[in-house]
Structure formats: structure tokens, C-alpha cells
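Chemist: Structure below; questions to follow.
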Amino acid sequence: MNKNRFPNIPVIPKRLLLREQVKTHIVNSVMTGEIKPGERLIESTLARQLGISQAPVREAIRDLVMMGFLETEPYKGATVQEFSRKDLHEMYAVRAALESLAAREAASHLTDKDLEKLREIYQAMLTAAQDDDIQKTSALNNDFHEYIIHVSGNKMINRLWHTLQLGHWTYYSARRSDLGLEALVERHEDLIKALETRNPQTAMNAMRRHIESVEPVLHLNN
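So this is what it looks like as C-alpha cells:
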């Protein structure tokens, strides 16, 4: 008996799923500072730590080099890139473009239930910030923005946002902000109010302001 109920849809190889999991693990480790700038990533060590073969680790590292999270040097292999202010500026420019478009498209068909969900995430995020739990706050922030992208219904924005791992920059940015964690979270209140108008242009402008307001308060070494 054919176990594939949808014969015309190819089964995703397990290795590809592992590759995505490894990418997420590496990016999270970079953003939290567990893996330091300039630190060399050794395929065999990562594979052993994760309990998998080296093939998906090698593929994940290659993808992350292409995305700019890692860089390669002769005789040294892949190392963690030190992000400059220019890198952050480019990332925020891309994120502002993608998410402002998502907010515009989401605004026209947001339901009361969607707005209630965003409020729920916001309140949980505010509580986490008041507890000074930066990791939980960052995770909830990702949930908040990812939910808006989901509601937009735009598959291309969704794909690009996840491919570029844009949500993972939240933790990196929060650790380098001159504002307190609670102040960063409270900025979502204006965004929710803009979405409540269900006016596409208002929502788009609010999202762009929301994202672009973060970059100026970051402190970097370069």
C-alpha cells in the first residue's frame, strides 16, 4: 500500500528538514551570543552535539553563508560574522519593506479574533518584559510579527521572512538597545491601534515607523 496519500506531492526528504532545524539552532545561538563573532563552526562538533550526521550541518552552514550570518575564510572554514551598523541598517530596511506590506494586506481583512490574538500576545510580551525575560520577550515579539504576516495571506512575504530568518534579529537587537525592554515592547501599542482602524495605508505606515524606530537606539561597536 502506498503510504503517500498525495502521490503527486513529493515527500520532503528528512535531510532537508534537519537542515532547517540546524539553521534555526545556529542562528539562535548566534543571536543569543552563545556562539561568538569570529568563532569557528566545526561541522563534526555540531553534528555530534545535535546527534545527527554532518551532511545537514554542512548544508545549513552553506545556506547561512549565503544569507550573511556566517562567512568563510581560507583554511579556517565557516565563522560567525560580526554584524556592523551597515548590516543592521540593511536588515531593518528589508524588514520594514516586507512587514509594512504585510501590515497593509492584513489590515483589510483582520477579524476581531485576529486583533484579540495580537492583544493577547502583546500583553504576554509586556509581562515578560516587566520580568526582564529577554528571551521570552523576543520569542513573543516574533510571534506577534509572524502572526501579522500570516494574516496578510501573502505567501511570498511569508517565505522571504522565514528564509531570511528576520525574526531571529529581535533578540540580537534587544540586547543592544539603549531603551529598556519594556519601552521597546510598549511601541507595539501604536501598531495595534493602527491595525484596529483596518485602514491599509495607516497600518502600513505604522509598521514602517515601528520597525525603523528600533535601529537608531541600537549601540554597536562598529
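Residue -14 is where the sequence shown starts when you use the working numbering, and the numbers rise one by one after that. Note that CB positions come from ideal geometry on N, CA and C, so glycine has one too.
Can you round the beta-carbon distance between residue 63 and residue 50 to whole angstroms, since I take them to be within the 8 angstroms contact cut?
Modeler: Rounded, the Cβ-Cβ distance is 6 angstroms, consistent with contact.
Chemist: What whole-angstrom Cβ distance do residue 150 and residue 7 have, given they're in contact under 8 angstroms?
Modeler: Between residue 7 and residue 150 the Cβ distance is about 12 angstroms, and since that is not below 8 angstroms, they are no contact.
Chemist: Check residue 25 in the structure and name its three-state DSSP category.
Modeler: strand
Chemist: Alpha carbons only, please: which of 87, 94, 131, 89 is nearest the one belonging to residue 106?
Modeler: The shortest C-alpha to C-alpha distance from residue 106 to any of 87, 94, 131, 89 is the one to 131.
Chemist: Using the Cβ count rule (16 or more neighbours within 10 Å means buried), how would you classify residue 52?
Modeler: So residue 52 counts as exposed.
Chemist: From the DSSP output, which residues share a beta bridge with residue 62?
Modeler: 58
Chemist: Going by C-alpha distance, which of 148, 73, 103 is nearest residue 128?
Modeler: Comparing C-alpha distances from residue 128 to each of 148, 73, 103 shows the shortest one belongs to 103.
Chemist: Closest to residue 139 by C-alpha separation, out of 89, 121, 122, would be which residue?
Modeler: 89
Chemist: Mark residue 93 as exposed unless 16 or more other C-beta atoms lie within 10 angstroms of its C-beta, in which case mark it buried.
Modeler: Note on residue 93: under 16 other CB atoms within 10 angstroms of its CB, so exposed under the neighbour-count rule.
Chemist: Which whole-angstrom value describes the C-beta separation of residue 115 and residue 171, a residue pair presumed to lie in contact below a C-beta threshold of 8 angstroms?
Modeler: 11 angstroms between Cβ atoms; not a contact.
Chemist: What does the Cβ neighbour count give for residue 76, buried or exposed, with the cut at 16 atoms within 10 Å?
Modeler: By the 10 Å Cβ count, residue 76 comes out buried.
Chemist: What do you reckon, are the CB atoms on residue 196 and residue 80 nearer than 7 angstroms?
Modeler: yes
Chemist: Among 46, 188, 57, which residue has its Cα nearest to the Cα of residue 5?
Modeler: Ranking 46, 188, 57 by Cα distance to residue 5 puts 46 first.
Chemist: Among 193, 177, 33, whose alpha-carbon lies nearest the alpha-carbon of residue 108?
Modeler: Distance check between residue 108 and each of 193, 177, 33 places 177 closest, using alpha-carbon atoms only.
Chemist: Per DSSP, what kind of secondary structure is residue 150 in: helix, strand or coil?
Modeler: In the structure shown, residue 150 adopts coil according to DSSP, grouped into three states.
Chemist: Do residue 38 and residue 193 have their C-beta atoms closer together than 7 angstroms?
Modeler: no
Chemist: As an exercise, report each continuous beta strand (DSSP E) stretch of at least 3 residues that is fully enclosed by the region 33 to 116, in chain order.
Modeler: Annotation note: the region 33 to 116 contains the following uninterrupted beta strand (DSSP E) runs of length 3 or greater, listed N- to C-terminal: 55 to 58, 62 to 65.
Chemist: Between 23, 165, 44, which has its C-alpha nearest residue 2's C-alpha?
Modeler: 44
Chemist: Going by the CB atoms, is the gap between residue 83 and residue 154 shorter than 7 angstroms?
Modeler: no
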